[in-house]
Amino acid sequence: MPGVPSGKACNECRKVKKKCDQLRPCCSRCQRLRLRCEGSGQQRYMFKYANPGKLESPAAQEIANRKLDLEVSTRQTPTLSFQIPADLLTTSFIRTLEIRDVRYDISYYGPFLREIPQILGQSPALDAAAKALVTSYPHFRGNNIPPNVLQYYGRSLRVLRETLNDPKKAHAPETLCAIYLITVCESWLGPSEGNPKSGMHGQAVAYLLQKVDLKKCDNDFERDMITTLTVMVIFESIANLNVLFEQTLLERLLAFIQPEAPTNPSPLSIMSRLPVYMRNPDPYIVEIGAAYIKTCEIVQKIRSALDKLPTSESESFSSPLAFQKAQLLAQYATMLTMLLALNALLRLFDPDNPVLQSVTHSFCEQILFEAQAAYCYRPLGAAYFAVCLVVALATSDDPEQIVQIERVLADYQSDFKHYGWKNQCFHFGKILEYHRNRLRAGTQNGALVKIQTESSEACCMM
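Following UniProt numbering, the numbering of the sequence shown begins with 1 at its first residue and continues without gaps.
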């Protein structure tokens, strides 16, 4: 098209006429020079003024008048329009998914996100949540969040609440997906460190999963989504006493996720028992020991697989090898964190055991080492390490090591300034402290029902 520049570089690269790789949310040059990267991938248009009096025909004069009226009416209505056509929303979501860089790839939050464009336009709640996600994505590391981002986020909450009040739509898979997308947005935009809200919505998700007819969930999108949501609720329920799957529901979900039950306990089945152990470890001391041994074996297998991967200093962050490394490292760190939590539970019953004390220090050191080695995958490709560091901080007994963990955790916290990881550490440590004091006092089988902390709030969505 004549008069339309073909370049789609960001504003900073355009100023100095430098080639821009158009990576988002920040191109390589802006990231290297610490510049504000805006306008990457946008087509620029050059508008020229024309004098309507020089037009040759009445028809052309009428067209010019209509364009002028449209321009004036547009300028007079600067308010934000929320009614985004489904095709435009789908295009925006696909453009976000096209960012195949392990540091910024949003499929970190679940492979099912790549299936969402196919179902947009069918659920107002999902559409509003998807719009909030793609609008907030370029700003999730920024300090100054634009007003329109917060407006779209606020609208997604409002539409979701309306959907939850509709019995026909409340239990639909699209509604569950909307809750998850809003949870992701909340981890980017808020709540703040001083807000007692946790920023997670495990209560709402656990309740809705109970109502979902799993027999009708017969495609990969729904299966992957339910798997992701189940893991999310399990993780949140470890330190949030208000969130816990009923045993029958958990068994149904595990059977749905793993139709062919493995002969040995799987990582997911071990993880699903951790919230139960945290609430009342006394009846499960033998089971905790067996889970500890099995988790050690799993960690060793993943470590061996990691060590076999080739190393390359010039490796691209968009290469399959980079994604494979990041995925294996995530599995290794997650299982190592579970191992550390199980070790902390065993130490409740044998606090002076030198072997358990030694491996606690060793596990924390490994988490510290891997967290620093994973700096190159930040922010999204290594975001899970914040959870690992929280558990390490709550279980370590070494003052010098605690200082190191706090420093690295603060570094990871800078990627998501609005999420209160230290609050999560406080809750987890408080549960261990409760059982430790109870066992020292000689109280047996003391099931943990409630701890008076700032964390006992309910989900704000329900």
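Every residue gets a Cβ at the ideal spot worked out from N, C-alpha and C, and that includes glycine.
(1) Have a look at ALA125 and ARG103 and give me their C-alpha separation to the nearest angstrom.
(2) Report the CB separation of ILE298 from ALA333 in whole angstroms; it is logged as a contact under 8 Å.
(3) When the Cα atoms are used, what is the spatial distance from TYR375 to LEU214?
(4) Give every residue of the same chain whose Cβ lies closer than 6 Å to the Cβ of LEU345, excluding the five residues on either side of it in the sequence, and list them in chain order.
(5) Contact between the region 87-106 and the region 114-133 is defined here as three or more beta-carbon pairs at a separation below 8 Å; is this criterion met?
(6) Using the Cα positions of ILE116 and PHE317, report the straight-line distance between them to the nearest angstrom.
(7) Which residues in the same chain as ARG100 place their Cβ atom closer than 8 Å to its Cβ, once the five residues preceding and following it in sequence are excluded?
(8) Based on Cα-Cα distance, which residue from ILE234, VAL16, TYR434, ALA172 lies nearest to LYS216?
(9) Would you mind working out which of LEU229, VAL391, HIS435, SER272 sits nearest GLN247, comparing C-alpha positions?
(10) When we look at the beta-carbon of ALA371 and count the other beta-carbons within 10 Å, is it buried (16 or more) or exposed?
(11) Using the Cα positions of CYS10 and ARG32, report the straight-line distance between them to the nearest angstrom.
(12) Please report the Cβ distance between ILE179 and LEU209, rounded to the nearest whole angstrom; I am assuming they are in contact, meaning their Cβ atoms lie under 8 Å.
(13) For the region 292-308 against the region 251-260, do three or more pairs of beta-carbon atoms, one drawn from each stretch, fall closer than 8 Å, so that the two count as touching?
(14) What ranges does the alpha helix (DSSP H) occupy inside the UniProt domain "Zn(2)-C6 fungal-type" (9-37), keeping only unbroken runs of at least 4 residues that lie completely in it?
(15) Could you tell me the alpha carbon to alpha carbon distance between HIS139 and ASP21, rounded to whole angstroms?
(16) Between the alpha carbons of ASN353 and ARG347, how many angstroms are there, rounded?
(17) Counting Cβ pairs, one atom from each stretch, are 3 or more of them under 8 Å apart for the region 150-158 and the region 431-439?
(18) Please tell me whether PHE426 and SER187 are closer than 7 Å, where the distance is taken between their beta carbons.
(19) What whole-angstrom Cβ distance do PHE112 and THR228 have, given they're in contact under 8 Å?
(20) For ASN437 and THR311, what's the separation of their Cα atoms in angstroms?
(21) Can you grab the Cα-Cα spacing for the pair residue 469 / CYS30, in whole Å?
(22) Tell whether a beta-carbon distance below 7 Å holds between PRO275 and LEU244.
(23) So GLY381 and TYR108 are supposed to be a Cβ contact under 8 Å. How far apart are they, rounded?
(24) Closest to ASN242 by CA distance: which of THR135, LEU250, GLN42, ALA204 is it?
(25) Suppose you measure from the CA of ALA170 to the CA of VAL391; what does that come to, to the nearest Å?
(26) Who are the Cβ neighbours of VAL233 in its own chain at under 7 Å, not counting the five residues just before and after it?
(27) Please classify GLN366: does DSSP put it in a helix, a strand, or coil?
(28) Taking buried to mean at least 16 other C-beta atoms within 10 Å of its own C-beta, is residue 464 buried or exposed?
(29) Helix or strand or just coil, what does DSSP make of ASN280?
(30) Once you ignore the five residues that flank ARG378 on each side, which residues in its own chain have a CB closer than 7 Å to its CB?
(31) Which residue comes first and which comes last in the alpha helix (DSSP H) that contains LYS308?
(32) Decide if SER304 is buried, meaning its Cβ has at least 16 other Cβ atoms within 10 Å, or exposed.
(33) Please work out which residues of its chain come closer than 6 Å, Cβ to Cβ, to TYR137, disregarding the five sequence neighbours upstream and downstream, and give them in chain order.
(34) Roughly how many angstroms separate the alpha carbons of GLN42 and THR360, rounded to a whole number?
The answer reads as follows:
(1) As a position in the sequence shown, residue 125 is number 125, starting the count at 1. As a position in the sequence shown, residue 103 is number 103, starting the count at 1. Taking the straight line joining both Cα atoms gives about 28 Å.
(2) Here residue 298 is taken as the residue at index 298 of the sequence shown, counted from 1. Here residue 333 is taken as the residue at index 333 of the sequence shown, counted from 1. That belief does not hold up - the Cβ atoms of ILE298 and ALA333 are roughly 13 Å apart, past 8 Å.
(3) Stepping through the sequence shown from its first residue, residue 375 is reached at position 375. Stepping through the sequence shown from its first residue, residue 214 is reached at position 214. Their Cα atoms are separated by approximately 39 Å.
(4) In the sequence shown, the residue the question calls residue 345 occupies position 345. Same-chain partners within the cutoff: TYR277, PRO281, ILE288.
(5) yes
(6) Position 116 of the sequence shown, counted from the start, is the residue given in the question as residue 116. Position 317 of the sequence shown, counted from the start, is the residue given in the question as residue 317. About 24 Å.
(7) Numbered from 1 along the sequence shown, position 100 holds the residue referred to as residue 100. The answer, listed in chain order, is SER318.
(8) Reading the sequence shown from its first residue, position 216 is the one you call residue 216. Nearest C-alpha to LYS216: ALA172.
(9) Stepping through the sequence shown from its first residue, residue 247 is reached at position 247. Considering only alpha carbons, the answer is SER272.
(10) Residue numbering aside, residue 371 sits at position 371 when the sequence shown is read from its first letter. Per the 10 Å Cβ criterion, buried.
(11) For this step, residue 10 is matched to residue 10 along the sequence shown. For this step, residue 32 is matched to residue 32 along the sequence shown. Approximately 14 Å between the Cα atoms of the pair.
(12) On the sequence shown, position 179 is the one that residue 179 refers to. On the sequence shown, position 209 is the one that residue 209 refers to. Not confirmed; about 10 Å, so no contact.
(13) no
(14) 11-15, 28-33
(15) As a position in the sequence shown, residue 139 is number 139, starting the count at 1. As a position in the sequence shown, residue 21 is number 21, starting the count at 1. Approximately 19 Å, taken between the alpha carbons.
(16) Here residue 353 refers to the residue found at position 353 when the sequence shown is read from its first residue. Here residue 347 refers to the residue found at position 347 when the sequence shown is read from its first residue. Near 7 Å, if we compare the C-alpha coordinates of ARG347 and ASN353.
(17) no
(18) In the sequence shown, the residue the question calls residue 426 occupies position 426. In the sequence shown, the residue the question calls residue 187 occupies position 187. Contact: no.
(19) One-based indexing of the sequence shown puts residue 112 at position 112. One-based indexing of the sequence shown puts residue 228 at position 228. PHE112 to THR228, Cβ: 7 Å. Contact.
(20) Taking the sequence shown and counting its residues from 1, the one referred to as residue 437 is at position 437. Taking the sequence shown and counting its residues from 1, the one referred to as residue 311 is at position 311. Taking the straight line joining both Cα atoms gives about 47 Å.
(21) Summary: the structure shown does not reach residue 469, with the chain confined to residues 1 through 462, and so no result is reported for it.
(22) Counting from 1 along the sequence shown, the entry for residue 275 is found at position 275. Counting from 1 along the sequence shown, the entry for residue 244 is found at position 244. Against a cut-off of 7 Å, the Cβ pair of LEU244 and PRO275 comes out as a contact.
(23) Counted from its first residue, the sequence shown places residue 381 at position 381. Counted from its first residue, the sequence shown places residue 108 at position 108. Confirmed, about 6 Å.
(24) In the sequence shown, the residue the question calls residue 242 occupies position 242. Closest option to ASN242, Cα to Cα, is ALA204.
(25) Reading the sequence shown from its first residue, position 170 is the one you call residue 170. Reading the sequence shown from its first residue, position 391 is the one you call residue 391. Going by the C-alpha atoms only, they are around 34 Å apart.
(26) Walking along the sequence shown from the start, residue 233 turns up at place 233. So the qualifying residues of the chain are GLY202, VAL205, ALA206, VAL243, PHE245.
(27) Residue numbering aside, residue 366 sits at position 366 when the sequence shown is read from its first letter. Looking at GLN366 - three-state DSSP - the assignment turns out to be helix.
(28) Lying before the first or after the last residue shown, residue 464 is absent from the chain, which here runs from 1 to 462.
(29) Taking the sequence shown and counting its residues from 1, the one referred to as residue 280 is at position 280. Coil at ASN280, not helix or strand.
(30) Reading the sequence shown from its first residue, position 378 is the one you call residue 378. For ARG378, where only same-chain residues beyond five positions count, the Cβ hits under 7 Å are ARG103, ASP415.
(31) Taking the first residue of the sequence shown as 1, we reach residue 308 at position 308. First-last of the alpha helix (DSSP H) with LYS308: 285-308.
(32) Here residue 304 refers to the residue found at position 304 when the sequence shown is read from its first residue. SER304 comes out exposed.
(33) Working through the sequence shown from its first residue, we reach residue 137 at position 137. Closer than 6 Å at Cβ, skipping near neighbours: THR96.
(34) The residue given as residue 42 occupies position 42 in the sequence shown. The residue given as residue 360 occupies position 360 in the sequence shown. Taking the straight line from one Cα to the other gives about 51 Å.
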